[in-house]
Every structure is written in C-alpha cells, then in structure tokens.
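Engineer: Per our numbering, the very first residue in the sequence shown carries number 452; after that it's consecutive.
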Amino acid sequence: MNQVPAIKLNNGTLMPQLGFGVWQVPDAEAEHAVGTALEAGYRSIDTAAIYGNEKGTGKAVAASGLPREELFVTTKLWNGPKQTWGRDEVLRAFDDSLAKLGLDHVDLYLIHWPRPMRDDFVAIWKTFEEIAASGRAKAVGVSNFRTEDLDRIAAESALVPAVNQVELHPLHPQAALRAEHAARGIVTEAWSPLGQGKELLTLPAVTAIADAHGRSAAQVVLRWHLQHGNVVIPKSVTPARIRENLDVFGFELDAAEMAALDALGAGAAGRRIGPDPAEFDV
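#1: What are the boundary residues of the alpha helix (DSSP H) that S585 is part of?
#2: Compute the distance between the beta-carbons of V657 and A668, then report whether it is under 8 angstroms.
#3: How is N401 classed by DSSP in three states: helix, strand or coil?
#4: Determine the direct distance from the alpha carbon of G470 to that of P565, and round the result to whole angstroms.
#5: Within 10 angstroms of the Cβ of D497, are there 16 or more other Cβ atoms? Answer buried if so, exposed if not.
#6: Just grab the DSSP bridge partners of K527 for me.
#7: Rounded to whole angstroms, what is the Cα-Cα separation between D571 and W536?
#8: With a CB to CB cut of under 6 angstroms and the five nearest residues on each side skipped, what residues in its chain are close to L739?
#9: How big is the Cα-Cα spacing for H483 and V593?
#10: Taking 7 angstroms as the limit between beta carbons, can you name the residues of its chain near T508, skipping five residues before and five after?
#11: What does the alpha-carbon distance come out to for the pair A659 and A491?
#12: Could you check the C-alpha separation between A661 and V671 for me, to the nearest Å?
#13: Which same chain residues end up closer than 7 angstroms to P726 when comparing Cβ atoms and leaving out the 5 residues on each side of it in sequence?
#14: Can you tell which of S687, P655, E730 and I693 has its C-alpha closest to the C-alpha of A711?
#15: Pop quiz: I582 and Q647 are said to be a contact at Cβ under 8 angstroms. What is the actual Cβ separation, rounded to whole angstroms?
#16: Could you give the DSSP three-state label for T639: helix, strand or coil?
#17: Quick check on this structure: which residue in R629, L619, I501 and P518 has the alpha carbon closest to the alpha carbon of D544?
#18: Measuring alpha carbon to alpha carbon, tell me which residue in Y560, G463 and R569 is nearest R587.
#19: Measuring straight from C-alpha to C-alpha, what distance separates G716 and Q475?
#20: Are T487 and A613 closer than 8 angstroms when you measure CB to CB?
#21: Alpha carbon to alpha carbon, how far is N696 from D713? Give it in angstroms, no decimals.
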C-alpha cells in the first residue's frame, strides 16, 4: 500500500510528498532504477532535461502499466548554456522533454536555475504561463530561486510558482526561504535531501536518533523533511535503499529530536553542497 501523503499545490494539483529522483542516473540505468522505484510504491518521479535520462525514465513509466493519473512526473527546463531563451526556445525544449518521456503532459515543469545575471527568467516564466494554460503541464514552478527572484516573478506575473525545488537538508535548512514559500503559497521541495551522504548521515546527532528508532540515518533525515512539510526526492540505484527511503511512515520524531536536527543548521550558510544560485551560470 502506498502510504505517501499528498501535498496540495496552489492550483489544487496533488503532489506526493515523497518521490524518486534520478539525478546522475545514466539513461541506460534509469529505466531499471525508475522501474524498481515504481514497483516499490513510488508514484512521483523527478527528472530534468540536463540529466539526460528522460528517455529511460519514460520507458519505465510506460513499462510499469500504471495508470497515468496515478503518476506524478516532473521535469525541468535547462535554461543554458549561454543563449537567449525566448518563447520559441522554451516551447521547443518543453516539446523535446515530452517527446523523450513519451508523455502528452507532465505534472510539474520547473525552470532549473534562475541565472539572475542573464535577467531572462521572467520572460521564460511568461512562456511557462502559456504552458500551464495549455494543460500540458498540470503545474509549473521553479528551482533554486532565491527570495529576490521570487519577488521579480511576483512583480511581473499573477501566476505564483507552485513549487520551488532547492538544496535543503539539516546542514542547509533554508529556514528563511521556507518561511517565504509558506507565506506565498509555494511548496518547498528539497533536492539532495540527504546532503548527498556527505558528513550528515554520520553525525552523532543523526545516528543517535536513528539508533533510538531502530532506523537508518537516511530514514531519520527524510522523516525530518516530511515533518517540516517539505517534498523530498531521494535518489538511489540500489534496490534495498530505494525501498528503505520509502519506508519512513511507520515512526515519528518527537519535538526534541526535531530540534536536535534543526540545530545542525545553525549558522550553516556555508554548508551548501551545490552551486550558489546567485552565481551559477553555465
């Protein structure tokens, strides 16, 4: 039985709170990994044009035999390298993603990075409005956007992003940005929710809680996300870990345990693993 709760997006679309990410999964392996995830009970799959595995992901979706309405598929516009992203370029990229996935629509389409130095994401968002209106994306949103980037969209568009997918884990908790999202009706989605396993999963504060619950450190961190209301998309190609990451609904962290994990991010502005959205441009 799929125990994953659904989060209601600001346009009424329901999104599973826990999904399966395929970042860094080669296309040749994506079909098997996604197939394993779907068999385990995942119903939300997160890919992106730049990952190069939309074809493999789409093959797994088709082979699963699951009704399309039971699945939630996310992909992202790779608004790079350095080029002009006008309406035609955005629509062409979206069509290409749909073709590779073998789908007539996606459930969520995201702008992958703001690249504020280019000053073009508002224009891109205008085309996202058109995609949303067409129904070929049930919801549209952004990824790696800062508060000031969200302000730009709010000043020039009535369409509020449904989701902002950002780097988020106990060492980089993004508390201020999460509060902004809550105030604006934007769902917070965490990429690298486990901190890519670097340091975080071996910290005594994490392992002690895991031991107390008879759970893995990864399960404890995923539980922290869920109790904060974050959408999470852990990634693995190991079948046992794929199943383990989904098995996080049979226990709950108490207030003291949540506080202990929250404290890991105190003053941790420099604990970012990925690029700084203010500077990233390739």
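Where a beta carbon is used, it is the ideal one built from N, C-alpha and C, also for glycine.
Structural biologist: Inspection of the coordinates gives the following:
#1: Where S585 is concerned, the enclosing alpha helix (DSSP H) stretches over F572 to S585.
#2: Cβ atoms of V657 and A668: closer than 8 angstroms.
#3: Because the chain in this structure spans residues 452 to 733, residue 401 falls outside the shown range and cannot be described.
#4: Spanning the two alpha carbons is a distance of roughly 23 angstroms.
#5: Burial state of D497 is buried, judged by a 10 Å Cβ sphere holding 16 or more other Cβ atoms.
#6: Note: K527 sits in a beta bridge opposite L561.
#7: When rounded, the distance between both Cα atoms is 7 angstroms.
#8: The structure shown does not extend to residue 739, since the chain is modelled only from 452 through 733, so no value can be given for it.
#9: Computed Cα separation, rounded: 28 angstroms.
#10: Counting only Cβ-Cβ distances below 7 angstroms, and skipping sequence neighbours, we find V473, A481, V485, I496, T498 and L552.
#11: A659 and A491: Cα-Cα distance of roughly 28 angstroms.
#12: Each residue's alpha carbon lies about 6 angstroms from the other.
#13: Within the same chain, P726 has no close Cβ partners at all.
#14: For the options S687, P655, E730 and I693, the alpha carbon positioned closest to that of A711 is the one of P655.
#15: With a Cβ gap of about 31 angstroms, I582 and Q647 do not count as contacting.
#16: Looking at T639 - three-state DSSP - the assignment turns out to be strand.
#17: First, the amino acid is wrong: residue 544 is Ala here, not Asp. Nearest C-alpha to A544: I501.
#18: When the alpha-carbon of R587 is set against those of Y560, G463 and R569, the nearest one is in Y560.
#19: Those two C-alpha atoms are separated by around 26 angstroms.
#20: In this structure, T487 lies away from A613, with their beta-carbon atoms at least 8 angstroms apart.
#21: Going from the Cα of D713 to the Cα of N696 covers about 20 angstroms.
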